[in-house]
Amino acid sequence: MAMEKKVLVVDDSATMRQLLIMAVRKLDGIGALNFVEAVDGKDGYEKFSTGNFDLILSDIKMPNMTGLDLVAKVRQEAGNKTIPIIIISTKGEEHDIQAGLSLGANEYLLKPISTIRLKEVITRLLT
Amino acid sequence: MAKAEELLKIFNKSQELLADLQNGQSIIEELILENLHLKAKLSGLQTDLAPKVISLKEKELEEENKKLRLQVGILENTVSSVEKENREFIQRYVEIEKQNEGLANLYVASYQLHSTLDTQRVVSAIVEIMINLIGAEEFAIFTVNEDSTELILLGGELTQNNHRKKIPIGEDIEGQVALKRTVYRGDSGSNILISIPLEITVSNKTKNETNTELIGILSVYKLLNHKKNFTSLDYELLNLLAGQAATALLSARLYQGTERKLKTIEGFMNLLRQS
């Protein structure tokens with residue numbers, strides 16, 4: 004039996020975390036996912052450092068540490084160049100998207116999230 | 005003498021043989037001529053038959069072609085019906101996914117709204133739902149005061165400070181929504197995109213009647229920049245959210261009222277004990 008993929012969900016909104024987890028609990032061709040929740044970038048980075056994750060889903064606007072800072076910190080470390088990172092944000096201006104992608108995020112999705120699109124992106128990044 | 009006779013006989017025989025040979029030669033010549041005639045006839049016949057053979061072949065091929073065309077047509081029809089079916093399945097899949105998305109949103113919204121009896125937490129849950137699930141950038145949640153004369157601002161996301169904190173019932177669009185208890189939908193140029201009354205149905209068992217009680221209103225002034233309009237799913241979710249938010253706000257209000265009363269009674273009891 005294949006190992007469950009481990010996903011870190013970083014968002015200060017409990018509603019959003021719950022929604023994301025519900026939306027992508029199980030994916031075709033990948034199976035069930037195992038989620039770890041973090042309430043902001045700082046909490047996210049601490050949890051990321053102690054766990055072996057396959058994917059990060061992160062908001063941008065969060066207290067203590069933003070999602071962009073989290074992406075930058077994760078990508079600075081040599082071993083984390085390839086872990087897929089998806090930013091999910093309300094900030095939809097072109098320069099926001101470019102900032103996220105240039106820091107090393109693989110995808111930049113906008114809220115309110117389309118679960119169909121999210122499933123497609125996660126399936127692509129995890130296979 | 006005998007020798008001469010013999011020679012004469014031989015001569016006669018040779019004459020006969022020569023005559024036979026000459027006869028044979030003329031027969032051979034005739035046969036060759038006949039052969040040539042026959043060859044010419046055969047070649048003529050072949051020339052006459054060729055178009056007939058060809059047209060027969062052509063007909064066979066045409067028949068075969070017709071059959072193949074018919075088969076191709078049938079196959080094309082099958083393929084196009086399978087493609088149509090496939091498109092319908094994809095469309096159905098997308099519809100089901102959207103329904104699932106709506107249900108998941110509603111489930112999460114309900115869960116978050118009813119997981120607390122604290123008014124501020126209920127308001128925070130409404131704010132999160134409005135931003136993350138609806139895609140609203142500016143919005144406000146108002147509650148009706150105890151006398152049912154005013155709408156009082158409870159919270160929301162307001163970038164401008166000139167939003168009114170109190171609106172008398174019946175005044176302006178939001179006051180009218182509270183008075184008439186009907187949803188207001190503004191056009192794209194309007195300051196208010198939508199204003200929804202937050203109502204709850206209350207049944208009075210002693211009087212055997214049901215009434216709707218207005219708890220507050222929810223107004224959206226602006227959507228996120230990348231979101232152009234409300235979708236039909238947004239309207240459904242907003243309507244359902246209005247009911248759930250009203251219940252959650254009323255529950256929190258009743259709980260806090262009960263807590264206050266309990267504390268007052270406890271204080272009063274303590275006073276009585278001390279005296």
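Respectively, the protein sequence lines represent chains S and Y.
In terms of this note's numbering, the first sequence opens at residue 4 and continues consecutively.
In terms of this note's numbering, the second sequence opens at residue 5 and continues consecutively.
Glycine included, C-beta positions come from ideal geometry on N, C-alpha and C.
Checklist line | Closer than 7 Å at the beta carbon, the chain S residues around ASN208(Y) | finding: By 1-based counting over the second sequence, the position of residue 208(Y) is 204. Neighbours of ASN208(Y) on chain S: none; closest Cβ ~34 Å, over 7 Å.
Check: Of all the CB atoms in chain Y, is at least one closer than 8 Å to the CB of PRO66(S)?
Finding: Taking the first residue of the first sequence as 1, we reach residue 66(S) at position 63. Cβ-Cβ to chain Y under 8 Å: no for PRO66(S).
Notebook entry, point to check: Distance, Cα to Cα, ILE219(Y) vs LYS88(Y)?
Noted result: Sequence index remark: in the second sequence, residue 219(Y) carries index 215 (1-based). Sequence index remark: in the second sequence, residue 88(Y) carries index 84 (1-based). Rounded to whole angstroms, ILE219(Y) to LYS88(Y) spans 49 Å at the Cα level.
Notebook entry, point to check: Short check: CB of SER16(S) to CB of ASN136(Y), under 8 Å?
Noted result: Residue numbering aside, residue 16(S) sits at position 13 when the first sequence is read from its first letter. Residue numbering aside, residue 136(Y) sits at position 132 when the second sequence is read from its first letter. Result yes, Cβ atoms of SER16(S) and ASN136(Y) sit closer than 8 Å.
Item checked: Any chain Y beta carbon closer than 8 Å to THR126(S) -> Taking the first residue of the first sequence as position 1, residue 126(S) is located at position 123. So, not an interface residue.
Margin query: In whole angstroms, give me the CA-to-CA distance for ALA256(Y) and ILE145(Y).
Written below: Translated into positions along the second sequence, residue 256(Y) becomes position 252. Translated into positions along the second sequence, residue 145(Y) becomes position 141. If you take the alpha carbons of ALA256(Y) and ILE145(Y), they lie about 15 Å apart.
Next item on the list: Please say whether GLU105(Y) and THR118(S) have beta carbons closer to each other than 8 Å?
Entry: The residue labelled residue 118(S) in the question sits at position 115 within the first sequence. The residue labelled residue 105(Y) in the question sits at position 101 within the second sequence. Yes, they are a contact pair.
Notebook entry, point to check: Fully enclosed by the stretch 61-91 of chain S, which alpha helix (DSSP H) runs are 4 residues long or longer?
Noted result: 70-79
Check: Which residue spans inside the stretch 123-204 of chain Y form an unbroken beta strand (DSSP E) run of at least 3?
Finding: 140-148, 154-161, 170-172
Check: Taking the alpha helix (DSSP H) that ILE116(S) falls in, what are its first and last residues?
Finding: What you label residue 116(S) is simply residue 113 of the first sequence in a count that begins at 1. Annotation for ILE116(S): no alpha helix (DSSP H) segment contains it, and DSSP assigns it neither H nor E.
Check: Among residues of its own chain, excluding the 5 on either side of PHE51(S), which ones have a beta-carbon nearer than 6 Å to its beta-carbon?
Finding: The residue you call residue 51(S) lines up with position 48 of the first sequence. Excluding sequence neighbours, PHE51(S) sits near LEU11.
Note to self: Let's test the definition: count the other Cβ atoms within 10 Å of the Cβ of LYS61(Y) and tell me whether it reaches 16, buried, or not, exposed.
What the structure shows: Position 57 of the second sequence, counted from the first residue, corresponds to residue 61(Y). Exposed.
Next item on the list: Pair every Cβ in the stretch 210-218 of chain Y with every Cβ in the stretch 94-102 of chain Y, then say whether three or more of these pairs are closer than 8 Å.
Entry: no
Checklist line | Closer than 8 Å to chain A by CB, LYS114(S) | finding: No chain A appears in this structure, whose protein chains are S and Y.
Note to self: Quick check: what's the CA-CA separation for ASP151(Y) versus VAL42(S)?
What the structure shows: To locate residue 151(Y), count along the second sequence from 1; it is residue 147. To locate residue 42(S), count along the first sequence from 1; it is residue 39. When the Cα atoms are used, ASP151(Y) and VAL42(S) turn out to be separated by approximately 40 Å.
Next item on the list: Return the CA-CA distance between HIS41(Y) and LEU49(Y), expressed in angstroms with no decimal places.
Entry: Translated into positions along the second sequence, residue 41(Y) becomes position 37. Translated into positions along the second sequence, residue 49(Y) becomes position 45. Those two C-alpha atoms are separated by around 12 Å.
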